[in-house]
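Colleague: Supplied in structure tokens, the structure appears directly below.
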Amino acid sequence: MALRRILFLLRPLRSRLSPSVTVYRFSSATKADDNEVKTDVNDDKTEPTSFASGSENKSLLENLSVLGVDVKMAQRRQPGVFRKIQTNEQGLIDFLGQKGASRDIIASIISRFPRAITRSEEHLEERWRLWRSIFSSDDEVVKILNRSPESFFRSSDNGNLEKNINYLSSLGIKPKDLHRLLTMAPRVFSNTLALNQTMVELLENVCLSLGGTDSKKFARTVISRNVYILIRSTKRVRSNIEFLLSALELSDEEALILLQGHGAKILDLSHENMKTNFRNLQLKLDSLGCSQEQVREIILNYAPILFVSSNTLNQKLDCLTEGGIDIRSIIEKPKLLDYSVTTLKQRLNDLHQLGYDFKVNGISVLDLSSKRFKCKLEKLQELRMWEQVK
């Protein structure tokens, strides 16, 4: 399918119907896009009556201090909570205590997200029930709350949470992936249902525009591979897809494979960062004697290379090439660029001391886990000692 037709279909329906909108031209993402925050469900449509402006609930301050809450931190984070006449700190303490949370954990939760004390027992019970439909134990939920209390207490709309759980389940997203979504990107479930549906619709349109036939499976696969995509704007994701299609001159088949594979991981990257890192990769590989086709090849082999900042990527490539690694080998196995410069230098040094020949044995050894690399070194050392004895 022609690129212009693909880019047209990536646009929302409203944009396609508007004759004044230019569909095909690439434009730079603005700072507003990079900092864009998706709108959540209204946190508190009705709140308990508050003290007059500037006054604080002294009884509440005393209760929280006794519990061990960092009151100053809590006041900085959500000062409005401390002007409320009615709060439910004791109910929250009892509820979380019954679920296995220690007093220290409860105090830490309130310190970082004091709005938690405004939730009623009924709200807490219902929200816990919904979370437990995804997690297998109370202990798992407590661990998430301890790490990110905002994920549980931010929204007061349990109905919206249930709708999002049901909707994402209807896409065929497996329980283990729902678990990852709620653990790693809990804001997905605070989004309005319409926001999540809009992103899914975009992904389904991408699939169809590229000649795919199972758009629901495509969307499900992308979300499962990149749990953060639902908390990014459709503008960012659309711009990144358009850029990859154009810059890499992908065929429909190549695009479908890339986007459902490791390419899904970079779709939530800032659009400006994606373009900057791509240009730097081009320049660096060109300086090493590579062709444009090899730039394309390294990204198709491992798209997350575009996550690596310009300076860091240059340092890693210099480290490897100066250590005797042929750039063509790196293009074939670019995943080793995930390792830090320090780790790469140490591994190269260890292997050189043992006389390891990369031209003969290849570079897969550099991409081993720490445990397996250590075992490999021990075997190489034994082999060298045996050869010296002979």
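The sequence shown begins at 1 in the UniProt record's numbering and counts up one residue at a time. We put the CB at the ideal spot given by N, CA and C, even for glycine.
(1) Helix, strand or coil, according to DSSP, for Ser88 in the structure here?
(2) Leaving out the 5 sequence neighbours to the left and right, which residues in its chain are closer than 6 angstroms to residue 404 when beta-carbon positions are compared?
(3) So, Arg132 versus Val141, is the Cβ gap smaller than 9 angstroms?
(4) Taking the alpha-carbon positions, what's the Val41 to Ser148 distance?
(5) Please say whether Leu168 and Leu178 have beta carbons closer to each other than 9 angstroms?
(6) Where are the alpha helix (DSSP H) runs, 4 residues long or more, that stay fully inside the stretch 182–261, in chain order?
(7) Could you say which of Ile223, Ile109, Ser55 lies nearest to Pro79 if we only look at CA atoms?
(8) Following the continuous alpha helix (DSSP H) through Pro334, name the residue where it begins and the one where it ends.
(9) Determine whether the beta carbon atoms of Ser151 and Leu145 lie at a separation below 9 angstroms.
(10) Just to check my reading of the structure: Leu230 and Ala185 have Cβ atoms closer than 8 angstroms, yes? What is that Cβ distance to the nearest angstrom?
(11) Please report the straight-line C-alpha distance between Gly324 and Met274, rounded to a whole angstrom.
(12) Could you spell out the range, first to last residue, of the alpha helix (DSSP H) harbouring Gly159?
(13) Determine the closest residue to Lys316 out of Leu344, Pro304, Leu306, Phe82, with distance taken between C-alpha atoms.
(14) Per the contact definition of three or more C-beta pairs closer than 8 angstroms, is the stretch 293–303 in contact with the stretch 329–344?
(15) Quick one: residues in its chain with C-beta nearer than 8 angstroms to the C-beta of Thr234, no 5 flanking neighbours on either side, listed in chain order?
(16) With a threshold of 6 angstroms on Cβ separation, who are the neighbours of Arg180 within its own chain once the five nearest residues in sequence on each side are excluded?
(17) With a threshold of 8 angstroms, are at least 3 pairs of Cβ atoms found where one atom belongs to the stretch 150–165 and the other to the stretch 119–132?
(18) Among the candidates Ile257, Ser287, Val341, whose CA atom is the shortest distance from the CA of Asn301?
(19) Take the Cβ of residue 391 as the centre, count every other Cβ of all protein chains shown within 10 Å, and call the residue buried at 16 or more, exposed below.
(20) Among Asn240, Lys284, Leu248, which one has its Cα closest to the Cα of Asp318?
(21) Taking the C-alpha atoms as reference points, what is the distance between Val69 and Ser369?
(22) Can you tell me where the alpha helix (DSSP H) holding Cys290 begins and where it ends?
(23) Compare the beta carbon distance of Ala107 and Leu171 with 9 angstroms and say whether it is the shorter of the two.
(24) By Cβ distance below 6 angstroms, which residues in the same chain neighbour Leu336 in space, the five residues on each side in sequence not counted?
(25) Using the Cα positions of Ile85 and Ala116, report the straight-line distance between them to the nearest angstrom.
(26) Would you list, in sequence order, the uninterrupted alpha helix (DSSP H) runs of no fewer than 4 residues that lie entirely inside the stretch 312–373?
(27) In the DSSP assignment, find the unbroken alpha helix (DSSP H) run with Pro149 in it and report its ends.
(28) To the nearest angstrom, report how far apart Lys72 and Pro114 are at their CA atoms.
(29) If Leu182 sits next to Phe189, beta carbons under 8 angstroms apart, how far is it from one beta carbon to the other, in whole angstroms?
(30) First and last residue of the alpha helix (DSSP H) that includes Ala116?
Modeller: Judging by the given coordinates:
(1) First, the amino acid is wrong: residue 88 is Asn here, not Ser. In the structure shown, Asn88 adopts coil according to DSSP, grouped into three states.
(2) Any question about residue 404 goes unanswered here, given that the chain covers just 1 to 390.
(3) A distance below 9 angstroms separates the beta carbons of Arg132 and Val141.
(4) For Val41, the predicted structure reports a pLDDT of 45, less than 50, and the residue's modelled location is therefore unreliable. A value from the coordinates is still provided. A straight line joining the alpha-carbon of Val41 with that of Ser148 spans about 18 angstroms.
(5) With respect to the 9 angstroms criterion, Leu178 and Leu168 are classified as neighbours on the basis of their beta carbons.
(6) Taken in chain order, the complete alpha helix (DSSP H) segments of 4 or more residues contained in the stretch 182–261 are 193–209, 215–225, 234–247, 252–260.
(7) Looking from the CA of Pro79, the closest CA among Ile223, Ile109, Ser55 belongs to Ser55.
(8) Going by DSSP, Pro334 is part of no alpha helix (DSSP H) at all; its letter is neither H nor E.
(9) In contact: Ser151 and Leu145 (Cβ atoms closer than 9 angstroms).
(10) With a Cβ gap of about 7 angstroms, Leu230 and Ala185 count as contacting.
(11) Their backbone Cα atoms lie some 29 angstroms apart in a straight line.
(12) Per DSSP, Gly159 belongs to the alpha helix (DSSP H) from 158–170.
(13) Measuring C-alpha to C-alpha distances from Lys316 to each of Leu344, Pro304, Leu306, Phe82 identifies Leu344 as the nearest.
(14) Look at the beta carbons and you see the stretch 329–344 touching the stretch 293–303: at least three pairs across the two are nearer than 8 angstroms.
(15) Cβ within range, chain order: Pro12, Thr198, Met199, Leu202.
(16) If we look at Arg180 and ignore the five residues flanking it on each side, its Cβ neighbours are Val227.
(17) The stretch 150–165, when compared against the stretch 119–132, does touch it at the 8 angstroms Cβ threshold.
(18) Taking each of Ile257, Ser287, Val341 in turn and checking the Cα distance to Asn301, the smallest one comes out for Ile257.
(19) This structure cannot settle anything about residue 391, because the visible part of the chain is limited to 1 through 390.
(20) Cα-wise, what sits closest to Asp318 is Lys284.
(21) Their backbone Cα atoms lie some 42 angstroms apart in a straight line.
(22) Taken as a continuous stretch (DSSP letters only), Cys290 belongs to no alpha helix (DSSP H), as it is neither H nor E.
(23) The answer is no: Cβ separation not under 9 angstroms.
(24) Answer for Leu336: Leu366, Asp367, listed in chain order.
(25) In a straight line, the C-alpha of Ile85 is about 15 angstroms away from that of Ala116.
(26) Taking 4 residues as the minimum length, the alpha helix (DSSP H) runs contained wholly in the stretch 312–373 are 327–332, 341–353, 358–361, in order along the chain.
(27) That run of the alpha helix (DSSP H) goes 149–153.
(28) In a straight line, the C-alpha of Lys72 is about 11 angstroms away from that of Pro114.
(29) Indeed, because the Cβ distance is near 6 angstroms, the residues count as touching under 8 angstroms.
(30) Ala116 -> no alpha helix (DSSP H), and no H or E assigned at all.
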